[in-house]
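Student:
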Ligand SMILES: [Fe+2]
Ligand SMILES: [Fe+2]
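Numbering (this note's numbering), first residue to last: 17 to 561.
Right, here's the structure in full:
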């Protein structure tokens with residue numbers, strides 16, 4: 017049998033095995049329960065959508081038409097799935113998100129179908145198209161909302177029935193596209209009103225122009241005044257519903273945030289208020305951690321903006337990242353306030369348990385205070401699965417000392433115990449899954465390292481930032497957040513710049529300011545204070561002179 021065995025190179029065998037393993041892992045990913053649930057949801061959507069769109073056809077028993085509606089629905093739905101897979105994979109991986117999207121489309125389509133069938137007014141279709149566009153921008157991104165709302169416009173054209181024409185599709189698309197382009201984030205309560213007003217103007221112009229063209233083509237001349245008034249009324253209704261939708265969504269915003277598990281910029285700004293109960297507790301019970309969190313917030317915000325990510329989310333996430341320290345404030349160096357470290361009385365393993373515990377405590381507190389999931393991620397991931405290095409090194413040192421001691425006891429030497437495992441001194445994770453979470457992780461690590469420097473200079477800060485970023489990268493902490501090397505480099509530059517500005521060089525006072533003034537020096541004090549430059553701008557002015 018061995019004689020007939022085909023000769024292959026070991027390298028080729030290895031490549032083949034690797035390819036087979038990759039194929040298997042891809043297949044197993046596809047057969048994943050969440051993906052299967054999303055596929056079932058898509059099937060359910062297609063069936064219910066066909067039922068909604070062909071409601072009157074089924075009543076009239078024109079089954080050939082029902083079949084053509086079914087074919088068109090399936091084709092557009094398949095295109096939609098490809099679009100989702102390309103731009104928002106997380107919807108396919110997360111059946112709850114998929115359910116929210118499917119539910120939104122079906123609810124809006126059913127509303128259009130029933131309302132148009134009962135009233136005969138086509139502006140219902142425009143209203144639901146604008147609703148879909150605004151909700152999708154809030155819940156996802158502008159690009160995704162743009163594509164998905166155009167898919168919705170196709171379905172809504174079917175739902176509007178035989179009276180719908182290309183003009184209706186254009187009017188719906190004009191409203192939806194305007195909303196997608198104008199609505200990037202909601203920072204003020206007027207934003208939705210402004211966006212829906214702009215969309216209403218565009219919808220009015222599109223609907224009127226479409227009607228005018230259709231009227232002129234039908235009458236072979238410019239439409240008469242009464243017909244023109246009908247066109248204005250028609251376009252006015254489409255524009256009116258667009259405006260109403262904006263106001264309606266403004267009032268339903270908290271519900272939309274809950275369903276899609278998101279937080280708009282307005283909500284984030286609310287959570288950044290120092291009067292928020294959790295921030296108040298952080299400031300009162302752990303002032304050191306509070307000031308550390310504020311600094312991380314501004315460092316992370318600038319870094320996120322440098323790579324065009326959500327700076328506000330980073331800032332507010334950083335405010336809450338260490339709330340778990342409220343439970344045991346004195347075990348963290350920034351809250352020691354010069355007192356003796358409590359870890360002196362504890363073993364490294366016990367200290368590590370307390371330190372690691374602040375992540376778990378933080379998650380529990382966030383749940384208790386109803387912090388949105390988008391902010392909870394910063395608490396869960398800000399240490400990823402990194403090692404608590406100080407206590408790991410302490411444990412190793414202690415173990416080595418014990419070994420040396422037992423060895424020096426000669427015959428009475430006890431059996432050597434294994435050294436402490438690195439895995440025991442790691443945080444439980446998870447690793448950051450978004451670029452914003454990765455930025456907060458890096459800013460947190462770097463700030464701690466810079467604070468421990470004896471002398472802080474811009475060059476030293478740059479070196480620390482670079483080292484810490486490389487360390488986290490090599491440790492695989494950024495494996496789950498799609499952070500590119502170019503983005504990491506931009507983040508490093510931004511963090512270095514912000515930290516250098518924070519720890520800017522100060523010119524030494526002629527006399528330490530904490531030393532009390534002696535007798536006879538009273539007269540010289542104001543002059544000395546005036547002459548002593550305390551900030552870098554003053555240093556610059558002095559050198560220019
Ligand atoms: Fe922490
Ligand atoms: Fe921290």
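We treat Cβ as the ideally placed atom computed from N, Cα and C, and that holds for glycine. On a predicted model such as this, the values are computed, not experimentally measured, just so you know.
(1) Label residue 490 either buried or exposed according to how many other C-beta atoms from any shown protein chain fall within 10 Å of its C-beta, with 16 as the threshold for buried.
(2) With a threshold of 7 Å on Cβ separation, who are the neighbours of residue 277 within its own chain once the five nearest residues in sequence on each side are excluded?
(3) For residue 375, tell me which candidate among 322, 420, 406, 446 has the shortest Cα-Cα distance.
(4) Could you name the residues of the same chain whose beta carbon sits closer than 7 Å to that of residue 111, not counting the 5 residues immediately before and after it, in chain order?
(5) Would you call the stretch 202-216 in contact with the stretch 281-291, where contact means no fewer than 3 C-beta pairs closer than 8 Å?
(6) Is it true that the CB of residue 210 sits closer than 8 Å to the CB of residue 158?
(7) Within the structure, which residues are defined as neighbours of ligand 2 by a Cβ-heavy atom distance below 5 Å, reported in chain order?
(8) DSSP beta-bridge partners for residue 442?
(9) For residue 543 and residue 518, what's the separation of their Cα atoms in angstroms?
(10) Which residue spans inside the stretch 446-471 form an unbroken alpha helix (DSSP H) run of at least 4?
(11) Between residue 95 and residue 516, what straight-line distance do the alpha-carbon atoms span, to the nearest angstrom?
(12) Beta carbon of residue 398: closer than 7 Å to some heavy atom of ligand 1?
(13) Which term fits residue 222, buried or exposed, when burial requires 16 or more other beta carbons within 10 angstroms of its beta carbon?
(14) Rank 442, 32, 143 by C-alpha distance to the C-alpha of residue 262 and give the top, closest one.
(15) Sorry if obvious, but does the Cβ on residue 374 come closer than 7 Å to a heavy atom of ligand 1?
(16) Helix, strand or coil: how does DSSP classify residue 490 here?
(17) Given a threshold of 16 other Cβ atoms within 10 Å of its Cβ, counted over all protein chains shown, does residue 384 qualify as buried or as exposed?
(18) In angstroms with no decimal places, state the Cα-to-Cα distance between residue 227 and residue 505.
(19) Could you spell out where the alpha helix (DSSP H) holding residue 573 opens and where it closes?
(20) Consult DSSP for residue 181 and reduce its assignment to one of helix, strand or coil.
(21) Just tell me which of 409, 338, 395, 465 has its CA closest to the CA of residue 363.
(22) Beta carbon of residue 394, beta carbon of residue 336: below 8 Å?
(23) For residue 405 and residue 315, I'd like the C-alpha separation in whole angstroms.
(24) In or out: residue 29 buried (at least 16 other Cβ within 10 Å) or exposed?
(25) Once you ignore the five residues that flank residue 180 on each side, which residues in its own chain have a CB closer than 6 Å to its CB?
(26) Output needed for residue 36: all residues of its chain with C-beta closer than 7 Å, excluding positions within five of it in sequence on either side, in chain order.
(27) Quick test of your reading: residue 82 and residue 74, contact by CB under 8 Å. State the CB separation rounded to the nearest angstrom.
(28) Are residue 216 and residue 258 touching if we call contact CB-CB under 8 Å?
(29) For residue 148, report the span of its alpha helix (DSSP H) as first-last.
Tutor: Taking the coordinates as given:
(1) Along the chain shown, read from residue 1 onward, the residue named residue 490 stands at position 474. It counts as exposed.
(2) As a working mapping, residue 277 is identified with position 261 in the chain shown. Excluding residues within five positions, the ones whose Cβ falls inside 7 Å are 389.
(3) Here residue 375 refers to the residue found at position 359 of the chain shown. Closest by alpha carbon: 446.
(4) Walking along the chain shown from the start, residue 111 turns up at place 95. Correct list, in chain order: 50, 53, 54, 57.
(5) yes
(6) Position 142 of the chain shown, counted from the start, is the residue given in the question as residue 158. Position 194 of the chain shown, counted from the start, is the residue given in the question as residue 210. Contact: no.
(7) 338, 460
(8) In the chain shown, counting from the first residue as 1, residue 442 sits at position 426. Residue 442 pairs with 403.
(9) As a position in the chain shown, residue 543 is number 527, starting the count at 1. As a position in the chain shown, residue 518 is number 502, starting the count at 1. In this prediction, residue 543 has a pLDDT of 38, which is less than 50 and means its spatial position is unreliable; what the coordinates show is noted afterwards. Using only the alpha carbons, I get a separation of about 28 Å.
(10) 451-467
(11) What you label residue 95 is simply residue 79 of the chain shown in a count that begins at 1. What you label residue 516 is simply residue 500 of the chain shown in a count that begins at 1. If I take the Cα positions, the gap works out to 50 Å.
(12) Residue numbering aside, residue 398 sits at position 382 when the chain shown is read from its first letter. Because some heavy atom of ligand 1 lies under 7 Å away, the Cβ of residue 398 counts as near it: yes.
(13) Working through the chain shown from its first residue, we reach residue 222 at position 206. By the 10 Å Cβ count, residue 222 comes out buried.
(14) To locate residue 262, count along the chain shown from 1; it is residue 246. The residue with the shortest Cα to Cα distance from residue 262 is 143.
(15) If you number the chain shown from 1, residue 374 lands on position 358. Yes - ligand 1 has a heavy atom lying nearer than 7 Å to the Cβ of residue 374.
(16) In the chain shown, counting from the first residue as 1, residue 490 sits at position 474. Residue state, collapsed to three classes: helix.
(17) By one-based count along the chain shown, residue 384 stands at place 368. Label assigned to residue 384: exposed.
(18) Here residue 227 is taken as the residue at index 211 of the chain shown, counted from 1. Here residue 505 is taken as the residue at index 489 of the chain shown, counted from 1. So the two alpha carbons sit approximately 54 Å from each other.
(19) The displayed coordinates of the chain run from 17 to 561. Any statement about residue 573 would go beyond what the structure contains.
(20) If you number the chain shown from 1, residue 181 lands on position 165. DSSP places residue 181 in coil when its eight states are reduced to three.
(21) Locating residue 363 in the chain shown gives position 347, counting from the first residue. It is 409.
(22) Position 378 of the chain shown, counted from the start, is the residue given in the question as residue 394. Position 320 of the chain shown, counted from the start, is the residue given in the question as residue 336. Yes, the Cβ-Cβ distance between residue 394 and residue 336 is below 8 Å.
(23) Translated into positions along the chain shown, residue 405 becomes position 389. Translated into positions along the chain shown, residue 315 becomes position 299. If you take the alpha carbons of residue 405 and residue 315, they lie about 24 Å apart.
(24) As a working mapping, residue 29 is identified with position 13 in the chain shown. Counting Cβ neighbours within 10 Å, residue 29 comes out exposed, since fewer than 16 surround it.
(25) Here the question's residue 180 lines up with position 164 in the chain shown. Counting only Cβ-Cβ distances below 6 Å, and skipping sequence neighbours, we find 173.
(26) Here the question's residue 36 lines up with position 20 in the chain shown. Nothing listed; no residue qualifies.
(27) If you number the chain shown from 1, residue 82 lands on position 66. If you number the chain shown from 1, residue 74 lands on position 58. About 6 Å; that satisfies the 8 Å criterion.
(28) Translated into the one-based positions of the chain shown, residue 216 becomes position 200. Translated into the one-based positions of the chain shown, residue 258 becomes position 242. Yes, the pair counts as a contact, with Cβ atoms nearer than the cut-off.
(29) The count along the chain shown starts at 1 and reaches residue 148 at position 132. From DSSP, the alpha helix (DSSP H) with residue 148 extends over 139-155.
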